[in-house]
Amino acid sequence: MARFIYRMQNILEIKRKLEEQARMEYGLARAKLNEEEEKLEQLRRRKADYEELSRQLLQETLKLREVREAKEAILRMDEFIERQKQEIRKAEQALEQERIKLQKAIQERKIHEKLRENAYEEYLLEEKAAENREIDELTSYTYGQKKSED
């Protein structure tokens, strides 16, 4: 039996590599999103700390400068939080784009694997047909030899 050679094997290998690359890019986008969400959480904790400081300052003897600074810090934290939310939205969009690329790469690989599988099945059918022809020829030859001997 001859060896099966898929003539588009190199394309299949390229599709597998593209899928792996898309998986890595998706992982990087996921890591970036996680990092941005962690930054947002840190900003929220800092804001909560400033709010607590502001409450403490208001309960003590009024130190107007410190109270004003705490309120300004809270406002700055609100601005930082809004900026960070925008960064998270950007990271989410990038993640979605990478997910779509990954999904497309997986589909293309699966298509090529299915084509390879179909080509292999066709190859097996051709080999079986060739084998049957050889058996028929051998049988005919053997039968013909017996007839000539009689």
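Mapping to my numbering: the sequence shown position 116 is 116, numbers consecutive.
Just so it is clear, CB atoms sit at the ideal spot from N, CA and C, and this is done for glycine as well.
Source: prediction; values computed, not measured.
Assumed close pair residue i, residue j - CB separation to whole angstroms, cut-off 8 Å
i   : j    : result
I74 : K39  : Going by Cβ atoms, the distance from I74 to K39 rounds to 18 Å, so no, they are not a contact pair.
E87 : E121 : Not really, about 51 Å apart at Cβ, beyond 8 Å.
K44 : I81  : In the sequence under discussion, the amino acid at residue 44 is Arg, which differs from the Lys named in the question. Right, the Cβ-Cβ distance comes to about 6 Å (below 8 Å), so this counts as a contact.
Beta-carbon proximity of residue i to residue j, cut-off 8 Å
i    : j    : result
E102 : R23  : The question names Glu, but residue 102 is Leu in the sequence shown. Contact flag set, yes.
L12  : H112 : yes
L58  : E66  : no
Closest Cα partner of residue i within the set the options
i    : options               : result
A70  : E122, K85, Y50, E60   : Y50
L18  : A129, K110, R89       : K110
M77  : E131, Q42, V67        : Q42
I106 : L58, F4, R16          : R16
A29  : E92, E131, Q145, E134 : E92
F4   : L125, T142, L138      : L125
Q99  : E66, Q21, Y26, M8     : The question names Gln, but residue 99 is Arg in the sequence shown. Of E66, Q21, Y26, M8, the residue nearest in Cα terms is Y26.
Beta-carbon contacts of residue i that lie in its chain and below 6 Å, excluding the five residues immediately before and after
i    : result
L115 : none
Y6   : R116, A119
Cβ shell of residue i (< 8 Å), same chain only, five flanking positions each side left out
i    : result
K128 : none
Within-8 Å CB hit, residue i to chain B
i    : result
K146 : Although the question refers to chain B, the structure presented lacks it and comprises just one protein chain.
Contact set for residue i: own chain, Cβ-Cβ below 7 Å, skip 5 residues either direction
i   : result
L62 : none
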